[in-house]
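In terms of this note's numbering, the numbers along the sequence shown are unbroken and rise by one, the last being 881. Note that CB positions come from ideal geometry on N, CA and C, so glycine has one too. This one's a predicted model, so the numbers in the text were calculated from it and none came from an experiment.
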Amino acid sequence: MTLEDRLIQKTYYKHFINDNENRHPIEVLGEAAVAEQEKESYDLSDIRFAQGEVYYHSQDFETAIFKWENINSELEPWAKKNIGDTYYKTGRLSDAEEIYLSLKVDDPILTAEVSLQLFSLYIDQDNIERAYEVIKEAVKVNPAYPGITELARKFYERQEDWESATELAVSESIRTEDLFWFATVIKYAKNQYTTIFSPDYFYQVLITFYKTDQMHFKKLVSALWESYKNEEAYLEWIKTINDIFLNVDIGLYEYWQEISSLYEESYLYLISGLYDLQVLHDFIPTTLENWLKVTRDAKSLFPAAAIWTWNEQFPSTIMEESVQKAESTLFNSDSDIDGLSYSLNIVESMMSWAEQRNIELDPSVASLLNKNVHHLLMIDPENDEETTVKTLHTFSREEDERTWMVVDGSSAYREKKLRQSLDKWAPLGDSLLFIVHPTYTFNEDEREELRKLEQSMPVHFLIKGMDAHGDIESRLRMDFQDALISVGGDENLTSFIQANFFEIIDGTEKRRIHKLLSFMRITLHDLGKRRVEEELYLQDLINTEEQKIEKLGSDIEFLRELEKKKSRYVTETYAKLKDEIKDNFENSLPNLLRECTKIITEDSDFANIHKEVNDKMNKVIEVQWTKVLTDLQHALQQWLSLSREELVQSQESFDDLAVEFNNRFTREKVELKGDFKILDDWRRDIRRLTVRMPIEEQNIFLQSKFAQLMFQRAGKLIGALASQKTMYNQYKKNVDSQDYEEAAQMVTNRLFAQFNSLENSLKLDVETFFSQPFEELTMLKDGTEVALENNRLTLKDMKENPGEYYNPIKLFEIRVRQYEVMIEAKEEVDYREILVEDN
């Protein structure tokens, strides 16, 4: 046991005791102390230190501390540490912490032990922050100290601090190259704890894994690869792993299939259309080179074709050595490929991409995506039904269950459109069944079209009816030597197919691959043209919207002027006739009121004569007002008729505007309708205002200054016994000199108040009539302006960023070309094998 071990375990005292010693250590140490003191120059520090240990183990902590407090030798730091341990053990945690923190020594072992004690103390105090500080510093200063990194790992895991745990595991893997730490890093990666780090953080540890243990290296690569999927750092991970594989050697017989599969998955993800082509130039070449590097020859056709295709599209971007290896693989590969699955995968990707961008592709191609459906294109010239697509009964051959889908192209054929019919349905067909009736004869054009079709799918014939089928069959066999020609009656078509055409399934998959590739090529070409068409369409739409906005602006201005004109006419016409009748009424009243004073005579009751005169005046006003109402009714009816004509003319203008707009701009249809309900409102108001109703009594005479004066003096005059004649003369003189114009004006204003209110509302009513056309055109103009701005921005973005559209198409073209290369390579190898067998 080393000295450090004795100091750590507090067994330094055994240094003074022989192995055969049976006495108590205190007795032995006492003798040693006496012997030491007999020396001329002595030092009891080591003995006291040992005595303190014995007292500590004997639970005599006070004496132990006393002994350790008197140490002046090299053991003094350990003595202080032991005092701290004693305080810790007796629960005096603050005193222990003070002692531990005061120890500043260069001894790495003592420093580590103090750190471990402090760490335990802070854990007991639940002081996690200080515990972090101590354990991190301890690992940093002396990671090799036994147990310290394991203690740190467990602590981090309990705290679920995966960042610190991962940093520890990575650094320990690099430092120790220990498989335990390798497994720990792999575990963290599998649990997704490592994604908080940038992928390049793991570069050095991956290199360490590779140099130490390739099995663990593969596991870590796979775990990290899976963890970074669907993360923002995925591209950075691909770059990191590419850098690593560029710098490692792969043995000829080493198995890297899992890594190869991950490369394949990443390659398909990269070229799925999510990234700009310029970005991919930084990733694809090295990805392909490394993919081929880790792939065994039996599985290397896919990466080889990908390299050859990428280099074909972007020359000199891949190292020549990798290109040569790819070409050699393509020429000699006997790899099995699932070409149909590859083709279906890219078609599905194209359809998904188009759907996300609201681009319509031929929906009929979706039926080709099911490998278990056999598409039989059937043409029956005498079938009277419209063209339909119908699925027949599902039946199986051995363990292979398939569905037959019959695509009926008969109606198009009857319309002498065989070429169009075949152009539409041929890409969907796996085989063609032509129904021949005894009375039907082919013309040369039809024969030629069917011969061309034979190049892409088997063509077969069903002769309906038994009569004279021999001649028909012989003629067909001359022209279509590979066709299956059968004679049938009117039995169920499904049963007939099952009985006679099962063998036409053979070779379907190979033909469908070529059909899908052809479909993809045509579709990608069309998509390229569609972008140009879309830009032209948008520009045309922008031009139309600009014209529409200009037209709507001028129409709105026209309506505004028309409204002003009609409003002015309606209000001025009304005011003119109303004011004319009002003025006549007001001008006639003074004389009529003055005539009412003639009822005053010398015999009048001058105490009440003023009331009699006022009553007479009210009766006169009522009679006159009745006549005025009749005049107003006739005049306002005439005004209403004239106003209606003006509004009708306005509606005609609305209709002209709508027709002109709708003829010029066919997308939106405007309908401008004036609100003719205001005529009903006016008619109701006129009826209400001109109906004769009792009018409120007017205090005409009673409100005159003379009448009020006479009323006040009447009693005095009578009391003074003034003569009747005197009263009459005074009344007559003053009544005749009265001015009744003010009273007439007051009465007129009161009676015409409602007519004035109607006049004041006419402008608002005319605005109501014009409100719908204004709102319709204004809303359309506002909406068009918004659409115009959006279309301008869209077109601007399309022109400034063409790659957003064309890059995915380019990548689809690369994928299609890659699959074509794979199929061509496989077919070439198969052909060479046939030649070898024949020779």
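Residue i burial status per 10 Å Cβ neighbour count (16 or more: buried)
i, result
"D127", "buried"
"A186", "exposed"
"I564", "exposed"
"Q787", "exposed"
"V247", "buried"
"N189", "A small fix is needed here, since residue 189 is Gly in this sequence, not Asn. Result: exposed."
"M821", "exposed"
"H502", "buried"
"S83", "exposed"
"E587", "buried"
"Q159", "buried"
"K607", "exposed"
"V690", "exposed"
"F600", "exposed"
"G293", "exposed"
"D597", "buried"
"F811", "buried"
C-alpha gap between residue i and residue j, whole angstroms
i, j, result
"A785", "P632", "8 Å"
"S882", "I360", "Residue 882 lies beyond the range of the chain shown here (43 to 881); nothing can be said about it."
"L714", "S692", "10 Å"
"R519", "E496", "13 Å"
"H567", "M257", "47 Å"
"E116", "K123", "13 Å"
"M752", "N791", "The predicted position of M752 is uncertain, since its pLDDT is 49 and thus under 50; a value taken from the coordinates is nonetheless stated next. Their Cα atoms are separated by approximately 27 Å."
"E491", "D839", "45 Å"
"K341", "L334", "9 Å"
"D47", "A265", "41 Å"
"K182", "D324", "38 Å"
"K884", "T208", "No statement about residue 884 is possible, as the shown extent of the chain runs from 43 to 881 and does not include it."
"G94", "E171", "34 Å"
"Y482", "D422", "10 Å"
"F103", "T132", "8 Å"
"L671", "L699", "41 Å"
"A221", "S215", "The question names Ala, but residue 221 is Leu in the sequence shown. So the two alpha carbons sit approximately 8 Å from each other."
"L580", "L830", "10 Å"
"W204", "I301", "26 Å"
"K767", "N650", "16 Å"
"S385", "Y309", "16 Å"
"E73", "Q51", "24 Å"
Assigned secondary structure, residue i (DSSP; H/G/I helix, E/B strand, else coil)
i, result
"I421", "strand"
"L474", "strand"
"V181", "helix"
"V212", "helix"
"K557", "helix"
"F503", "strand"
"I527", "strand"
"V263", "helix"
"V858", "helix"
"H479", "coil"
"M562", "helix"
"V336", "coil"
"H416", "strand"
Neighbourhood of residue i by C-beta, 7 Å cutoff - its chain only, sequence neighbours within 5 removed
i, result
"E63", "V70"
"F797", "K620, L731"
"Q355", "I856"
"F794", "K624"
Contacting residues, own chain, Cβ-Cβ under 6 Å from residue i (five flanking each side not counted)
i, result
"K56", "none"
"Y611", "E688"
"Y276", "Y270"
"L800", "D727"
Contacting residues, own chain, Cβ-Cβ under 8 Å from residue i (five flanking each side not counted)
i, result
"Q234", "S269"
"N833", "L580, L583, I584, E587"
(request) Just list the alpha helix (DSSP H) runs in the stretch 68-97, keeping only unbroken ones of 4 residues or longer that don't cross its boundaries, in chain order. (result) If we require 4 residues or more, the stretch 68-97 turns out to have no alpha helix (DSSP H) run fully inside it.
(message) Ignoring anything shorter than 4 residues, give me the alpha helix (DSSP H) runs that lie fully in the stretch 339-402, in order along the chain.
(response) The stretch 339-402 contains these whole alpha helix (DSSP H) runs: 343-355, 362-374, 381-398.
(request) Kindly provide the ranges of any alpha helix (DSSP H) runs that are 4 or more residues long and lie completely inside the stretch 98-124, ordered along the chain. (result) Every alpha helix (DSSP H) stretch that sits fully inside the stretch 98-124 and reaches 4 residues is listed by chain position as 103-110.
(request) Could you tell me which uninterrupted beta strand (DSSP E) segments, each at least 3 residues in length, are contained entirely in the stretch 671-695, listed from first to last along the chain? (result) As summarised for the stretch 671-695, there are no continuous beta strand (DSSP E) elements at least 3 residues long confined to that stretch.
(request) At 4 residues or longer, and completely inside the stretch 267-326: list those alpha helix (DSSP H) runs for me, N to C. (result) Uninterrupted alpha helix (DSSP H) stretches at least 4 residues long and entirely within the stretch 267-326 occur at 276-288, 299-312, 319-322, given in chain order.
(message) Going residue by residue through the stretch 576-664, where are the continuous beta strand (DSSP E) segments of at least 3 residues, counting only ones entirely within it?
(response) Listed in chain order, there is nothing to give.
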